[in-house]
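Participant: Taking full-length UniProt numbering, the leading residue of the sequence shown gets 1, the next gets one more, and so forth. Don't be surprised by glycine CBs; every beta carbon is placed ideally from N, CA and C. Small disclaimer: the values here were computed from a predicted structure and weren't measured.
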Amino acid sequence: MQAKLRKLVSKKKRRLVIDGFDLDMAYVTPNIVAMGFPSTGREAIFRNPLSHLKGYLDSKHGSHYKVYNLCSEASRQYPATVFDGRVAYFPFDDHNAPPFFMIEDCVKDMHAWLQKDPENVCCVHCKAGKGRTGVMICAYMLYSGYWTKAVDSLKFYGAARTKNQKGVTIPSQTRYIHYFERYLTRSTAPSLLALRLKSVSLTGLPKKYSKFSIVILVNTFEVYRSPMTVAPKAGQPREVPLSGKEIMLCGDAKFVIYGQHGWRGKKKVCATAWVHTAFVRGGAVTLTKPEIDKACKDKKHKKWPEETKLCLYFDTAGSGAGTGLGRGGSLLSLGPRLVPPLAV
């Protein structure tokens, strides 16, 4: 019964069935493992039991594995002693993009571990071991030179981790992997400028919502919450009122779209999108429906119209001009890209 439950929870993810073990995990490469959360208690009935997972890793890799926990949920933290001290934490929220610099920190840590010994293995997990896990694994494959294009890294990971080639599916997460590719391939550091948000417009909203508003967060801190405004008409953009405020954005910015039915209806998050200001080009960002979190799931346009778009328009503020995106003004070191790709 437990084995059946675990397979149901795994859905289309690949499982490792070997030597009496049946685990929600997959070797993306011989040195990089994607896996579900190491669970205890009742959750272990339908997810990876910690005892089984550690038993397999100890028997297969001895002291040559290191675990990377990407969960931000308080209930999914555990002491490093669980895996004999070999645990690193790079937490970010489920269904969200990570802080951009966290990607750099994580892949550098992974690379340092793998370079210590050719037998070393990185075991990366979030809750399900798919989306957040895929972000860091895809980024590492770009960093190490295993792949040079984000699209190839994403495709490879999807095939290795799932049976239906759907690995990283959240648009903001895939966008950040593409950002990371651009980051690695630049000969000079892109400037991290503060940008003034001039205007925001939304085209399309589920019919059940008569009004909407947008909340803007920078590095997880709320910087603006628009008043509720009338939903856009079919095919026509509706500008979001910014109330004449000067809204400055720098770094990771999240746009949360709330919908409301009637004047007293409950507000509900109906879509989100993460962007990073260092990668804004031409003063504008246009996100189509497939590029907007949550809205992208409506493939047959039953709720969100096909022409749905979120448009962001910026002015360069000038403050911070000339500051490199790399910390201390230096671009992320490209040295590891000279390392031969890991063997398949």
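Is it the case that the Cβ atoms of Thr229 and Pro237 are separated by a distance below 8 Å?
Facilitator: Along the sequence shown, one-based indexing puts residue 229 at 229. Along the sequence shown, one-based indexing puts residue 237 at 237. Cβ distance not < 8 Å, so Thr229 and Pro237 don't count as in contact.
Participant: Report buried or exposed for Ile18, applying the criterion of at least 16 other Cβ atoms within 10 angstroms of its Cβ.
Facilitator: Reading the sequence shown from its first residue, position 18 is the one you call residue 18. Ile18 comes out exposed.
Participant: For Arg15, which residues from the same chain have a beta carbon less than 6 Å from its beta carbon, with the 5 sequence-adjacent residues on both sides left out?
Facilitator: One-based indexing of the sequence shown puts residue 15 at position 15. If we look at Arg15 and ignore the five residues flanking it on each side, its Cβ neighbours are Asp24.
Participant: What did DSSP end up calling Thr29 once you bin it into helix, strand or coil?
Facilitator: For the purposes of this step, residue 29 is taken as residue 29 along the sequence shown, with counting starting at 1. In the structure shown, Thr29 sits in a strand (DSSP, three-state: E or B).
Participant: Write down every uninterrupted run of the alpha helix (DSSP H) in the UniProt domain "Tyrosine specific protein phosphatases" (124-175) whose length is 4 residues or greater and which is fully enclosed by it, in chain order.
Facilitator: You should have 131-144 and 150-161.
Participant: If you follow the alpha helix (DSSP H) that His111 is in, where does it begin and where does it stop?
Facilitator: By 1-based counting over the sequence shown, the position of residue 111 is 111. Counting along the chain, the alpha helix (DSSP H) containing His111 begins and ends at Phe100 to Lys116.
Participant: For Phe221, does the count of other Cβ atoms within 10 angstroms reach 16, so buried, or fall short, so exposed?
Facilitator: Stepping through the sequence shown from its first residue, residue 221 is reached at position 221. Exposed is the call here.
Participant: Could you give the distance in angstroms between the alpha-carbon of Gly20 and the alpha-carbon of Pro49?
Facilitator: Within the sequence shown, residue 20 is the residue found at index 20, counting from 1. Within the sequence shown, residue 49 is the residue found at index 49, counting from 1. About 14 Å.
Participant: Which two residues bound the contiguous beta strand (DSSP E) that contains Leu193?
Facilitator: Taking the first residue of the sequence shown as 1, we reach residue 193 at position 193. Run containing Leu193: none; DSSP gives neither H nor E here.
Participant: Pick out the complete beta strand (DSSP E) segments inside the region 50-88, 3 residues or longer, and give them in chain order.
Facilitator: As far as the region 50-88 is concerned, its whole beta strand (DSSP E) runs of at least 3 residues are 65-71.
Participant: Between which two residues does the beta strand (DSSP E) harbouring Gly259 extend?
Facilitator: Against the sequence shown, residue 259 aligns to sequence position 259. Asp252 to Gln260 is the extent of the beta strand (DSSP E) around Gly259.
Participant: Would you report the Cα separation of Lys266 and Ser210, rounded to the nearest angstrom?
Facilitator: Locating residue 266 in the sequence shown gives position 266, where the first residue counts as 1. Locating residue 210 in the sequence shown gives position 210, where the first residue counts as 1. Straight-line Cα distance between these residues: approximately 12 Å.
Participant: Return the CA-CA distance between Ala234 and Lys309, expressed in angstroms with no decimal places.
Facilitator: Within the sequence shown, residue 234 is the residue found at index 234, counting from 1. Within the sequence shown, residue 309 is the residue found at index 309, counting from 1. Using only the alpha carbons, I get a separation of about 12 Å.
Participant: Jot down the residue ranges of each uninterrupted beta strand (DSSP E) in the region 211-252, minimum 3 residues, whole runs only, in chain order.
Facilitator: Entirely contained in the region 211-252, the beta strand (DSSP E) runs reaching 3 residues are, in chain order, 211-218, 221-225, 237-239 and 247-249.
Participant: For the candidate residues Gly62, Pro232, Tyr176 and Leu70, whose alpha-carbon lies nearest to that of Asp117?
Facilitator: On the sequence shown, position 117 is the one that residue 117 refers to. Closest by alpha carbon: Gly62.
Participant: Beta strand (DSSP E) containing Phe314: first to last residue?
Facilitator: Walking along the sequence shown from the start, residue 314 turns up at place 314. Per DSSP, Phe314 belongs to the beta strand (DSSP E) from Lys309 to Thr316.
Participant: Output the distance between the C-alpha atoms of Lys13 and Gly36, rounded to the nearest integer angstrom.
Facilitator: Working through the sequence shown from its first residue, we reach residue 13 at position 13. Working through the sequence shown from its first residue, we reach residue 36 at position 36. Going from the Cα of Lys13 to the Cα of Gly36 covers about 10 Å.
Participant: I believe His111 touches Ser144 by the beta-carbon criterion, under 8 Å. Please report the beta-carbon distance rounded to the nearest angstrom.
Facilitator: Taking the first residue of the sequence shown as 1, we reach residue 111 at position 111. Taking the first residue of the sequence shown as 1, we reach residue 144 at position 144. Yes, His111 and Ser144 are in contact; Cβ-Cβ is about 6 Å, under 8 Å.
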